[in-house]
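Number of protein chains: 2
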Amino acid sequence: MLPLADGPAPPLRADAQRNRERVLCAAARVIEHSGAAGLTMEAVAEEAGVGKGTVFRRFGDRSSLLHALLDEEERRLQDAVIAGPPPLGPGAPPLERLIAFGDARLDHLVRHGELLAAAELGPGSTAGDQHPVAVAARVHVAYLLRLAGHSPDCASVMSSALLTFLSGAQVHHLLADEGHDPATLRVTWHRLAAGAVADAAQQVA
Amino acid sequence: MLPLADGPAPPLRADAQRNRERVLCAAARVIEHSGAAGLTMEAVAEEAGVGKGTVFRRFGDRSSLLHALLDEEERRLQDAVIAGPPPLGPGAPPLERLIAFGDARLDHLVRHGELLAAAELGPGSTAGDQHPVAVAARVHVAYLLRLAGHSPDCASVMSSALLTFLSGAQVHHLLADEGHDPATLRVTWHRLAAGAVADAAQQVA
DNA sequence: CAGCGAACCGGACCATGGTCCGGTTCGTGG
DNA sequence: CCACGAACCGGACCATGGTCCGGTTCGCTG
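Chain order of the listed sequences is A and B.
The first sequence begins at 4 in my numbering and counts up one residue at a time.
The second sequence begins at 4 in my numbering and counts up one residue at a time.
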């Protein structure tokens with residue numbers, strides 16, 4: 004996961020901060036009431052009692068708003084990866100960390116599948132692949148793959164390849180549309196991960 | 004690839020057929036002039052000299068229109084897979100067919116990356132995973148994986164997993180945004196495929 | 001407390017994908 | 001050649017994500 008290089012993040016003005024909370028709560032309320040699919044920026048704005056412009060100013064786009072709702076939990080996963088106990092955190096062999104990472108993310112996705120799918124899909128999304136969280140995940144997995152013996156280049160591509168399997172849209176699709184169950188997904192992830200790492204080993208040998 | 008079960012596909016009325024062509028040509032012209040990103044349904048309609056409703060009636064949505072533009076080539080790949088010479092067609096061992104399939108698709112994607120990315124991304128796309136071509140690919144890969152020894156269930160999930168790597172959006176992202184080159188992608192595909200198949204072997208053993 | 005610039009707010013506005021339905025055209029049976 | 005229903009056409013209409021900018025509010029400073 005690593006840096007993220009957040010920059011100074013200047014504190015918001017009091018009213019801005021207040022509105023931010025209001026919007027977030029409103030969004031949660033709207034979702035609870037209409038599902039993630041029914042979350043309209045305008046609806047959120049109205050529910051929050053602010054203008055649409057305010058919602059966009061604060062969150063940039065729909066996708067980010069959705070992510071913001073899950074922010075806390077995602078941050079926790081990130082922390083666990085950076086500094087938590089093995090096998091998620093440092094200390095375990097790469098493959099185990101990789102598997103643990105995928106499992107954790109799958110858990111997260113199963114819990115919040117609808118939200119995350121919506122976050123990555125929505126109109127105008129030039130690709131959910133640019134969000135800080137996604138970038139961090141890519142960097143982390145690539146790092147593990149390098150530890151496992153891949154060249155930087157391969158690690159990078161392989162990382163992206165592996166992570167598409169863990170994308171919100173993908174998992175949601177597999178669960179909802181194709182009717183697979185989480186356990187199967189987990190097994191598949193273990194195989195993908197093992198395959199990727201075995202690859203490196205054989206490459207080194 | 005297999006059936007597709009197209010149904011009878013009733014022939015279009017003469018005027019409808021004529022308009023279909025007109026729209027397709029217009030779309031090609033628009034793309035040539037503004038790039039795939041600039042292809043708006045309205046622009047196509049105007050360029051074709053028909054109403055917007057006509058475009059939608061014929062193609063259903065933006066994504067399908069894009070796919071229709073590439074239809075011929077995609078159909079050719081499909082034929083090659085079903086009945087062509089090995090290693091793409093029947094006759095070679097599963098792994099080789101899998102690799103050949105991926106290579107062919109990567110080729111296709113590299114050639115028409117922009118188009119396909121646009122086809123899969125566009126707003127309102129509940130998921131490009133429902134298009135006949137995508138479904139056919141999934142069925143085909145799952146079939147190969149079963150041949151290689153996977154259980155039907157695993158084959159299905161693994162198939163989806165592998166194919167996300169070959170999606171238009173994904174490949175375009177890797178090429179354009181992350182600056183990888185096609186050769187690296189191909190190597191990565193070989194590894195993924197080999198990993199998946201090796202998995203099955205070890206599972207059987 | 002008064003003044004002031006930066007930051008913020010709201011909601012009108014735009015672009016675009018997608019829907020709808022009244023009027024038109026096709027082509028078939030008599 | 002005519003009549004008629006099905007299929008089709010067009011473009012007005014809708015929903016929604018996203019942009020813009022004039023007016024307002026904040027909070028710091030003297």
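Ideal placement from N, C-alpha and C gives every residue a C-beta, glycine not left out.
Bear in mind the structure is a predicted one, so any value in this text is a computation, not a measurement.
Cβ neighbour criterion (16 or more within 10 Å) applied to residue i
i, result
"R78(B)", "exposed"
"A39(B)", "buried"
"D202(A)", "buried"
"Q173(B)", "buried"
"E36(A)", "A quick correction: the sequence has His, not Glu, at residue 36(A). When all chains shown are included, H36(A) counts as exposed."
"P97(B)", "buried"
"C157(A)", "buried"
"R194(A)", "buried"
"A151(B)", "buried"
"T43(B)", "exposed"
"P6(A)", "The predicted position of P6(A) is uncertain, since its pLDDT is 44 and thus under 50; no value can be drawn from it."
"A196(B)", "buried"
"G171(A)", "buried"
"S162(A)", "buried"
"E123(B)", "buried"
"A186(A)", "exposed"
"R23(B)", "buried"
"T15(B)", "The sequence shown places Leu at residue 15(B), rather than the Thr named in the question. Exposed, because fewer than 16 other Cβ atoms sit within 10 Å of the Cβ of L15(B)."
"G182(B)", "exposed"
"M4(B)", "Below a pLDDT of 50, predicted positions are generally treated as unreliable, and M4(B), at 49, falls in that range; the measurement from the model is reported next regardless. Its Cβ being crowded by 16 or more others within 10 Å, M4(B) is buried."
"G41(B)", "exposed"
"G94(A)", "exposed"
"G105(A)", "buried"
"G56(B)", "exposed"
"R108(A)", "buried"
"L188(A)", "buried"
Any chain B beta carbon closer than 7 Å to residue i
i, result
"R194(A)", "yes"
"A219(A)", "Outside the displayed span of chain A (4 to 208) sits residue 219(A), for which this structure offers no information."
"M44(A)", "no"
"L177(A)", "yes"
"H115(A)", "no"
"T187(A)", "yes"
"G198(A)", "yes"
"F168(A)", "yes"
"Q20(A)", "no"
"G53(A)", "It is Val, not Gly, that sits at residue 53(A) in the sequence shown. Not closer than 7 Å to any Cβ of chain B, the Cβ of V53(A) fails to qualify, so no."
"T191(A)", "yes"
"D202(A)", "yes"
Residue i - partner residues in DSSP beta bridges
i, result
"P93(B)", "A95(B)"
Reference residue i; option with closest CA among the options
i, options, result
"G116(A)", "A48(A), V47(A), A179(A)", "A179(A)"
"Y146(A)", "D110(A), I85(A), L195(A)", "I85(A)"
"D64(A)", "V174(A), D106(A), A121(A)", "A121(A)"
"V58(A)", "E76(A), A30(A), E75(A), D74(A)", "A30(A)"
"P135(A)", "R189(A), H70(A), D156(A), G182(A)", "H70(A)"
"D18(B)", "V53(B), P89(B), Q81(B)", "V53(B)"
"E49(B)", "R25(B), H176(B), F62(B)", "R25(B)"
"A164(A)", "L148(A), H176(A), L177(A)", "L148(A)"
"Q81(A)", "T167(A), R100(A), S66(A)", "R100(A)"
"S159(A)", "T167(A), P90(A), V144(A), F168(A)", "V144(A)"
"A137(B)", "R61(B), V47(B), V33(B), S66(B)", "S66(B)"
"A140(B)", "A51(B), L188(B), T167(B), L72(B)", "T167(B)"
"H153(A)", "H176(B), R32(B), T191(B), L119(B)", "T191(B)"
"P88(A)", "E75(A), R108(A), A103(A), R16(A)", "A103(A)"
"L112(B)", "I34(B), V33(B), H176(B)", "H176(B)"
"I34(A)", "Q20(A), R21(A), A51(A)", "A51(A)"
"L118(B)", "R60(B), A199(B), L72(B), G56(B)", "L72(B)"
"A83(B)", "E75(B), G92(B), E76(B)", "G92(B)"
Below-7 Å beta-carbon distance, residue i vs any chain A residue
i, result
"H36(B)", "no"
"L7(B)", "The predicted model places L7(B) with a pLDDT of 44, which falls under 50 and marks its position as unreliable, so this point remains unresolved."
"V138(B)", "no"
"H153(B)", "no"
"M4(B)", "Any reading at M4(B) must be qualified, since the residue scores a pLDDT of 49, below 50, and its modelled position is unreliable; the value itself is stated next. For M4(B), the answer is no, since every Cβ of chain A falls outside 7 Å of its Cβ."
"H183(B)", "yes"
"D82(B)", "no"
"D156(B)", "yes"
"V160(B)", "yes"
As an exercise, report each continuous alpha helix (DSSP H) stretch of at least 4 residues that is fully enclosed by the stretch 62-94 of chain A, in chain order.
65-72, 74-86
Run through the stretch 139-206 of chain B for me and flag every whole alpha helix (DSSP H) of 4 or more residues, listed as ranges in chain order.
155-168, 171-175
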